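J.: The sequence shown begins at 1133 in this note's numbering and counts up by one. One structure is given below, represented as structure tokens, and several questions about it will come after.
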Amino acid sequence: MDHTGLVVLDGIGLGVVDVVRLAEGTARPVPGTDAMKRVTESWDAARQIAATGRVYGRSTGVGANRNEDVPTEAAAEHGLRLLRSHAGAIGDELPAREVRAMLAVRANQLLAGGAGLRPTVVTALCEALESGAHPVVNEFGSVGTGDIAALAQAGLALAGEHPWRGPGAPKPQQLDNNDALAFISSNALTLGQAALALDELRGLVQATQVVAALSLLAVDGSHEAYAAPVHAARPHRGSTEVARRMRALIGAADRPTPPLGRIQDPYGFRCVPQIHGPALDAADALEEVLRIEINAAAENPLISAEDMAAYHHGGFYQAQLALALDHFRLALTQVARLSTSRLSTLNEPGFTRLRPFLANEEAAASGVMILEYAAGAALGDLRAFSAPASLGHAVLSRGVEEQASFASLAARQTLRACRAYRLVVGCEVVAAVRALRQRGLRPEPDLPVGRALQLAESVLSEDQADRPLTEDVTAAAAMLDRFTDIWRGSAS
């Protein structure tokens, strides 16, 4: 694969952006030297501990079979049987980037030094990430208490018993009872999917503020809602940042003069800081959870080489992540809903001084009328994806696992939200640009909002006759990532 940089996997400092780069093949993984020493020490300690005492999954069965001992002579085969029996994920085969995100997270977690499995597994995972190979992994198999089915498929692939996709699959590993549970005791797939979703959606929320700035100009919106004194009086971090960015985007003063027209705008403009701000805060909260989990030695049991002990625990239970993902999606839906509010305002002659639905001069022309319906339909999907996954419940394995976080479902729903969110905001872009064109409004080209309009005009057709707008919305939705760059460039 083509790589443009290195990412050091050390079990300490891997971030969301690093996971995305490794998943997309734009960076090469390098295991840290000290981290590999921790893996070796953990591996040595685990074998000694398992040889002298009962250790879950190594000398016993798992789940409801936890009290059943495994004979010493059957221990090696027990590990492979565990992988074979648990590699039962079902549903669609996952895309390469999601599986690669899982491999990146799992390699880094192992380098935290608490799993107690052979170091060559880490090397093999890094080889796969570098070559572009990934194991076949199916969608369903986790309820938020460990991605054991997906990771068992990956473990079997490492053992040479399950297929790989792509070139350069690593050589088969000799896995046994000291490796099997140690490898699959993780939520690496859920964490990888959550990292991919957060990276995309955080950028889209930022881009949406650029779109809102275009719409604000198109309706002669007031700057007062973004005034510094307003947000100093109610200093929520996200809202204050959104207001500051909006002033930078449109070139507004910290203390703007009162508007000449209407005294205040609809919520779609007036409440941008109060609605976009919580989404940025939710993104930050989710990133903090991911930062901890991606670098955590959360395997059960935790192998402590320092204490020469195996600690049995519930660190695999992902309530923290499920709740953070649910919170983030609910905040996103608020932002998308506000976009549809602005879209409706753009269709109103009382705000734009144009024809209804930004139509041309033809009698009874419909203009962009259909965009409200299309955006509303996509918003409906987004609303459905925002249902809290953490409300789910399951009692499994003969009742000994009597709770489930459903963080895995939360991660899938967050990934699915990306496309619907993009399309909602894409509809607003098309309408805002048409309104600005019809009114002949040209913000200063040196302003961020001016650069955004130039970019949008280079992408969107000038044809304002009644015609299908599918391609326009598709192009606008794809362009949002470049709006993200404009937002991030407005920091000063």
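In this text, a Cβ means the ideal position worked out from N, Cα and C, and glycines have one as well. All figures in this text were calculated on a predicted structure; none of them were measured in a lab.
Is it true that the stretch 1442-1450 meets the stretch 1271-1287, where meeting means three or more beta-carbon pairs spaced less than 8 Å apart?
T.: Yes, since at least three Cβ pairs between the stretch 1442-1450 and the stretch 1271-1287 fall closer than 8 Å, the two stretches touch.
J.: Which residue spans inside the stretch 1208-1237 form an unbroken alpha helix (DSSP H) run of at least 4?
T.: The stretch 1208-1237 contains no whole alpha helix (DSSP H) run of 4 or more residues.
J.: Check each candidate in C1403, V1561, A1463 and name the one with the smallest Cα separation from E1504.
T.: Nearest C-alpha to E1504: V1561.
J.: Spatial neighbours of P1577 within its chain, please: CB distance less than 6 Å, with the 5 preceding and 5 following residues excluded, ordered by chain position.
T.: Nothing meets the Cβ criterion.
J.: Is the beta carbon of S1522 sitting closer than 7 Å to the one on A1454?
T.: Cβ atoms of S1522 and A1454: closer than 7 Å.
J.: Would you report the Cα separation of V1404 and A1375, rounded to the nearest angstrom?
T.: If you take the alpha carbons of V1404 and A1375, they lie about 8 Å apart.
J.: For N1427, collect the residues of the same chain with a Cβ closer than 8 Å to its Cβ; drop the 5 residues on either side in sequence, then sort them by chain order.
T.: Excluding sequence neighbours, N1427 sits near G1143, I1144, G1145, L1146, N1240, Q1241, A1244.
J.: Hey, S1518 and R1566: beta-carbon distance below 7 Å or not?
T.: Contact flag unset, no.
J.: Any idea which residues DSSP pairs F1272 with across the strands?
T.: F1272 pairs with I1222.
J.: Jot down the residue ranges of each uninterrupted alpha helix (DSSP H) in the stretch 1401-1444, minimum 4 residues, whole runs only, in chain order.
T.: Taking only runs of at least 4 residues, the alpha helix (DSSP H) segments lying wholly in the stretch 1401-1444 are 1404-1426.
J.: Going by DSSP, what residue range makes up the alpha helix (DSSP H) through P1390?
T.: Careful: P1390 lies outside any alpha helix (DSSP H) and carries neither H nor E.
J.: For A1301, which residues in the same chain have their Cβ closer than 8 Å to its Cβ, ignoring the five residues on either side in sequence?
T.: Answer for A1301: A1260, S1263, A1265, A1289, listed in chain order.
J.: What are the uninterrupted segments assigned as beta strand (DSSP E) that are 3 or more residues long and contained completely in the stretch 1142-1168, given in chain order?
T.: For the stretch 1142-1168, whole beta strand (DSSP E) runs of length 3 or above, ordered along the chain, are 1160-1163.
J.: Given a cut-off of 7 Å on the beta-carbon distance, is the pair P1267 and A1286 in contact?
T.: It is a contact, given that the beta carbons lie within the stated cut-off.
J.: Going by the beta-carbon positions, is the gap between L1541 and T1465 smaller than 7 Å?
T.: Contact flag unset, no.
J.: Going by DSSP, which residues form a beta bridge with H1266?
T.: Looking at the DSSP assignment, H1266 forms a beta bridge with R1297.
J.: Taking C-beta to C-beta, are A1086 and A1411 nearer than 7 Å?
T.: The structure shown does not extend to residue 1086, since the chain spans only 1133 to 1624, so no value can be given for it.
J.: What number of angstroms, rounded off, separates the C-alpha of M1501 from the C-alpha of F1615?
T.: Each residue's alpha carbon lies about 24 Å from the other.
J.: Is it right to say Q1341 is buried, meaning 16 or more other beta carbons lie within 10 angstroms of its own, or is it exposed?
T.: Classification of Q1341: buried, given that the 10 Å Cβ count is 16 or more.
J.: According to DSSP, is V1140 part of a helix, a strand, or is it coil?
T.: V1140: strand per DSSP, three-state reduction.
J.: Can you tell me the Cα-Cα spacing of I1181 and D1613, whole angstroms?
T.: Taking the straight line from one Cα to the other gives about 51 Å.
J.: Using 8 Å as the threshold, is the stretch 1416-1436 in touch with the stretch 1486-1502, meaning 3 or more CB pairs across them?
T.: No, because fewer than three Cβ pairs between the stretch 1416-1436 and the stretch 1486-1502 fall closer than 8 Å, the two stretches do not touch.
J.: At what residues does the alpha helix (DSSP H) containing H1363 begin and finish?
T.: Element bounds for H1363: 1360-1364.
J.: Restricting to Cα atoms, I'd like to know which of R1160, A1208, R1379 is closest to A1183.
T.: Among R1160, A1208, R1379, the Cα nearest to that of A1183 is on A1208.
J.: How big is the Cα-Cα spacing for Y1083 and P1575?
T.: There is no way to answer for residue 1083, as the model of the chain reaches only from 1133 to 1624.
J.: If you compare alpha carbons, which of V1187, A1284, Q1596 is closest to A1497?
T.: Considering only alpha carbons, the answer is Q1596.
J.: Under a Cβ-count criterion, where at least 16 other Cβ atoms within 10 Å of its own Cβ denotes burial, should V1343 be classed as buried or exposed?
T.: That one is buried.
J.: So for H1355, helix, strand or coil by DSSP?
T.: Looking at H1355 - three-state DSSP - the assignment turns out to be coil, as it is neither helix nor strand.
J.: Using the beta-carbon count (16 or more within 10 Å), is S1217 buried or exposed?
T.: Its Cβ having fewer than 16 others within 10 Å, S1217 is exposed.
J.: For S1590, which three-state DSSP category applies?
T.: Here S1590 sits in helix by DSSP.
J.: Using a Cβ distance threshold of 8 Å, determine whether the stretch 1219-1239 contacts the stretch 1318-1325, with at least three qualifying pairs required.
T.: Yes: the two stretches touch, three or more of their Cβ pairs being nearer than 8 Å.
J.: Alpha carbons only, please: which of V1151, G1512, C1559, L1381 is nearest the one belonging to R1583?
T.: Per the Cα distances, L1381.
J.: How would you call H1408, buried or exposed, if buried means at least 16 neighbouring beta carbons within 10 angstroms?
T.: When all chains shown are included, H1408 counts as buried.
J.: Check E1493 in the structure and name its three-state DSSP category.
T.: Three-state result, E1493: coil.
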